[in-house]
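To start, the structure under review is shown below, and the notes come after it.
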Amino acid sequence: MTTPMEAEAPGGAKKRGAPEGGDGLSLDAIREVIKGELSLSSTALKQEISQSVNKRMDTVEEKVGNQLERTLEKLAALTDSQAEQGRAIAAVQADQQATGGRLTQLERKVQQLQLQGGSSTADTEGGSKQPALIFGGWDDDTPAAETLQKAKDMVSQLRLDLDMDSAFCPGVRRGYVIIPYQARRNEAGGELRERLQQALRRIRNANVVMGRKEDGGMRYLWLQMSQSPERRRRAHLAGKVKRLILASNGGNTHGLEVEWATGTVWWQAVRVCSATTTPVAGAETAGAGWIDLRAIAQGLGQPVATVSEAKNPQEALKRAGGRTNRVDCFHLATWNVGGLTANGTLDLLRSFGGAKHLCMLHAIMLQEVITKPGKFFLEGHGWKLVYGKKEGEFRGEAIAFRTAVATHTQTNVTNGGIGTVLRMHTGDRWGLLSGHIPHHATIPETEMMLANWGEQPALRIPKVALGLDANEQITEAAGDATCAQAHTGRGDALLNWGTHHHLRLPPQALHVPSYYPYNPLHEPSRLDYMLLRKGYSLQASPIPARHMASSDHDPVLAQLRTKVTKLAKQARAGGVGHLHPPAGTSIPDHLELTAQQQPGDRHHQISQLCLQITKPGRGDAAPFCESAHLRRLRRAAHATPAGPAQRTAWKEVQKQLKGERKQHLQQLVTLASTNNWAAFREHQKQTSTRGDWLASLMDAHQWQAALLSHFSSIFHKTDGTAKHEAFHHMHSTLCHTCKHTPWRPFTHDELTLVSSKWGKHKSTGVDGIAHEALQLLIAHTIWGPRVLAMLNEALYSGKLPALVERGLTVLLPKGGSPEGWGDTRPITLSSAVLKTLAQLLLLRGAPCLQHLNTYQWAAPRKQGVELILVLRKIARMGADWGGDFWIIKLDLQKAFDSVAQESLGELVTQQEVEVPQTNGVRQGSPDSPALFSARVGEIVERTLDATKTMPRGGDRPFLPPPPHHGGSFMDDTYIWGENPAHIQKTLEILERLLLQHGLKINPKKTHIISNNPKSKVTFKVGGQEVAPDPGDTPLRVLGSPVSFRGNTPQLAAEMGSRARAAFAQNKKVLQAPTPLKPRADLHDTLVRQTALYGCETWTPHDTLLRAANTQQLSQLRSMTTGGRRPSETWADWNTRTGELKLSEGTEESPQLHLQYMSNVMFCKFVPA
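Here this note's numbering is used: position 982 in the sequence shown is 1021, and no number is missing along the way.
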């Protein structure tokens, strides 16, 4: 496109708009020109507009594009920011979850700390382990399934609120189980804590004994929180230091603070040990931390050396040159003693003390011991003897071991042998078997005997030692000293049997003889051997000691490489004690010296003081002691070389020992016949034929479980929760009553009155406080107020010291030899402090119970013979009237053990007498019989009051009924009457009331007599029909026979039976060659009082008089002239002893007169 300027020529160019050809302008030309111009202008305008629009569009597009790009960049940045924020939020959430987990873990730790009161708890430091409880107390060798089942049964019996579904036993054989726990649904942390604390308290208060530990101590049932090893070490350190301070400070806890979780102890506001802090200057490393002995010594006011020795008593013993109780060898022996009795065997074991090799023996297997058929136990001189034989055998076998080394279990007698399992105090178990193969046994008999040996429990133990007299020669194989060979088929059978049971014959000098026949024509030979399994023998061989036992066999000793621990001699808890001043001072001076010590735990100080001024035993015993001459003879016999001279020396020792023992018994008889009761008791003890029955019961496998099961079935019948709630309610009631009752503390006059009635030589409780020692303290000017303050504090607070609440239960046999725990009677020895407190309370509260004893004859100012007299008179009147009459004797099943504890507590609450009771009827405490008899008396009174308005007359209405129809003496209850319907209704009401208090009538022991033998009336007792016996059947009323007919012959027979039994039991003393007067007085005490029990209620009758005098005259003859001589007829003996010619004026044969004692028809001997 050209512009108008470009269209014009430089020269001669026409003007714009001029017509071509020189023509003039026209309209069309102008029009054309204008049109062209307009067209050009329009085109230019369009171009300009288009360019402007395009340019603006480009600018807008550029700006919009830039803006969009910036927007997209911001959007991308925003997206990245949101993604970063999302990641940050996720990280925050993860941190929150971790924090929540840590908080939960921390809450669990705090919860566990609260559960244990600051002690270490279930550890979660190594991971998120679930907290758990550890429940144990069983034997470590108990199978896991059995332990778990026993744990579940125990939880059920003790009613522990624990979840046992996830409990498990961690191993094949363990003595404990692990019980994981967690909060239940809708259970808060405090509720969980209270639930677990209640379970811990119940286990602790139950104090269940599960058996005996290897060191001889008791093994108790326990429950504790699971802890990490580190925290256990910390707690162990704190416990050791606390025990050190308490032992050195007399048990005073003032100024002592313990933090178990960190193992830190503060003593007198000074940190003396810790497991988490930096040690102070001069501290010593101890366990998991450090201990500052100088700070402890400074707080105690003692030298550091004294505290150091108290911390390490074993090290102090070594420095002082003492010997430890640890030896590295187990010494065994086998010996055919050739016919010793059990007591003779104990004498032989006692003589081992001076022998070079025998003194080191820990156990010995014996053959040819004289015994009766059966299994028996005997203990003495530090040895326990297990012996017995089968019926038909000539002699028996025995195993003896030191009681300080092991205990026994699973003893069994078999043909020709006896086996037992020794539980060593180191934890090992050894099966010992003593065997004897008779010389006349055939090969089949020997194989049968060996087969029986292989089935013994002793051979099921991994470690076995067998000692036997094989009556076979076994020698070393030719060319091989380690192999043995037999020379007969019976010997081969023995070796084959030993190989089958992995028993080997260790080197034991088989070429050395052990049998030396009395016939000098026979050659000595080797017949005694020792076989072992899983035991290394260091050396074994026979030693020349056969003359010690007067035997023809030498013992074979073996030394095994096994650790053996001897227990130190421990003081026995309980028992009788007598006053004895401490060394170097007198009792008054010692009381004055100890009265200056600072006040602390009153009961602990009193207990320790009483132990210091008393010694075990009665103090008047006269045990057998060997003379110095006998000891010299024994030493000389030990030093005599083997041979005829040694045999002669030992025979002299045995002869001297037998003579001295016989002389000692004769002296005891002589003293006892002169009313010396200490000699009488010692004679009874030394001549007793009762064996060790307790060892027989404890020999059974798992005897602890059997004992626990037996007594649990007696003492755990009721719901413990209900009992605790009832006692809590009664305690609240008494507390409210005390708030409105004036405080009346005990006075010294009351305490003196109570203590003046105490008997001497009574068994002490766990705290060891004897009555004689406590009487001295009460009379002391300083200790008396302290004892009174202790009792008043118990009265005010209602709480007792721990050792006062605890009782020591001992078992007494009901018969001769109990066959099970059910044949024993538990007797609880309570603390003298508890008895004193109970007597003080009864002194004030007994009158409040008196109105309940209307029909109870076991009550103050009443006697049991009065009840016998009442029933005897009722029986006589029932027989004289002629109408039907019945007397029923009811026996309450396990009365003392079954009575509900809350029942006795309610009785105390109602009478406003606060008698502290923790375990129901506490045997040995004076409050127990008073409360029990009052409760039974109240039940009988309520029963008779409920039926007294009913028709009570019998078939003869003109005869009045008895004034009352019942009575009781403790748990023995009697019902009588002439109306069967009235009697049956009385029985029903009585049975219902007894059940309310946990008491049941035993129908099997219910006895009914009727004066009408043709009566067919029966009574329903305890859900069973009981038929009465005829009237001539004796009914035992407190041991005395009562019947409707035949009363006199029954009394005469009872009297004669009692007199003969009492005389036979004390025959040696009554027939001693001593003056007659003291023996006659002794006869009055031992025989007369026994035979005439309840004679105050007898009807005077000539038959009783003749029977009594005949019996007494017969015993008099035996006391003066002895029994019938050999081949002397009864007539000659009666004539000789009936015509006594007594010299006058001599004490040896005083003149005697027969004196009748009122109406008791028994004569007494009085010197002229």
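Virtual Cβ for every residue (Gly too), placed ideally from N, Cα, C.
Asked, Found
"Three-way DSSP call (helix, strand, coil) for residue 1158 in this model", "helix"
"In DSSP terms, what residue 1016 is bridged to", "925"
"Under 7 angstroms between C-beta atoms of residue 535 and residue 495", "no"
"Three-state secondary structure (DSSP) of residue 797", "coil"
"Beta-carbon gap between residue 1119 and residue 712 smaller than 7 angstroms", "no"
"Status (buried if at least 16 other CB within 10 Å, exposed otherwise) for residue 747", "buried"
"Assumed close pair residue 821, residue 645 - CB separation to whole angstroms, cut-off 8 angstroms", "Incorrect: roughly 12 angstroms between the Cβ atoms, too far for contact."
"Where residue 898 sits in the DSSP three-state scheme", "coil"
"Candidates 228, 673, 189 and 306: closest to residue 249 by CA position", "189"
"Environment of residue 82 [buried if 16+ CB atoms lie within 10 Å]", "exposed"
"Residue 776 CB to nearest heavy atom of the ligand HEM below 6 angstroms", "Ligands in the displayed structure: none, and consequently the ligand HEM is not present."
"Identity of the residue in 335, 1088, 651 and 320 nearest residue 311 by Cα", "335"
"Sufficient close CB pairs (3 or more, under 8 angstroms) joining the region 1143-1161 to the region 1092-1104", "yes"
"Enclosing beta strand (DSSP E) for residue 1087 [first to last residue]", "It is not in any beta strand (DSSP E) - residue 1087 instead sits in the alpha helix (DSSP H) that spans 1086-1104."
"At least 3 beta-carbon pairs within less than 8 angstroms: the region 828-837 vs the region 773-786", "yes"
"Beta carbon of residue 869 nearer than 7 angstroms to that of residue 804", "yes"
"Contacting residues, own chain, Cβ-Cβ under 7 angstroms from residue 904 (five flanking each side not counted)", "1133, 1135 and 1136"
"Boundaries (first-last residue) of the beta strand (DSSP E) holding residue 598", "595-599"
"Boundaries (first-last residue) of the alpha helix (DSSP H) holding residue 483", "482-493"
"Same chain, Cβ closer than 7 angstroms to residue 420, five either side skipped, listed in chain order", "385, 388 and 389"
"Cβ-Cβ distance between residue 516 and residue 583 below 7 angstroms", "no"
"4-residue-minimum alpha helix (DSSP H) runs that sit fully inside the region 522-597, ordered along the chain", "528-539"
"Sub-7 angstroms separation of residue 503 and residue 470 beta-carbons", "yes"
"Assigned secondary structure, residue 299 (DSSP; H/G/I helix, E/B strand, else coil)", "coil"
"Element boundaries [beta strand (DSSP E), containing residue 324]", "323-325"
"Residue 392 to residue 513 span [Cα, whole Å]", "32 angstroms"
"Local conformation of residue 221 per DSSP, three classes", "coil"
"Cβ-based neighbour list, residue 1033, same chain, cut-off 8 angstroms, excluding 5 preceding and 5 following", "931, 978, 1039 and 1040"
"Runs of beta strand (DSSP E) wholly within the region 714-749 (minimum 3 residues, chain order)", "none"
"8 angstroms CB neighbourhood of residue 579 in its chain, flanking five on each side removed", "545, 546, 547, 548, 569, 595, 596, 597 and 598"
"Where residue 895 falls, given that 16 or more other Cβ within 10 Å makes a residue buried", "buried"
"Per DSSP, cross-strand counterpart(s) of residue 261", "175"
"Identity of the residue in 208, 186 and 192 nearest residue 171 by Cα", "208"
"CA-to-CA distance, residue 988 to residue 925, given in whole angstroms", "19 angstroms"
"Separation of residue 740 from residue 649, as counted between CA atoms", "39 angstroms"
"Bounding residues of the beta strand (DSSP E) (the contiguous stretch that carries residue 449)", "445-453"
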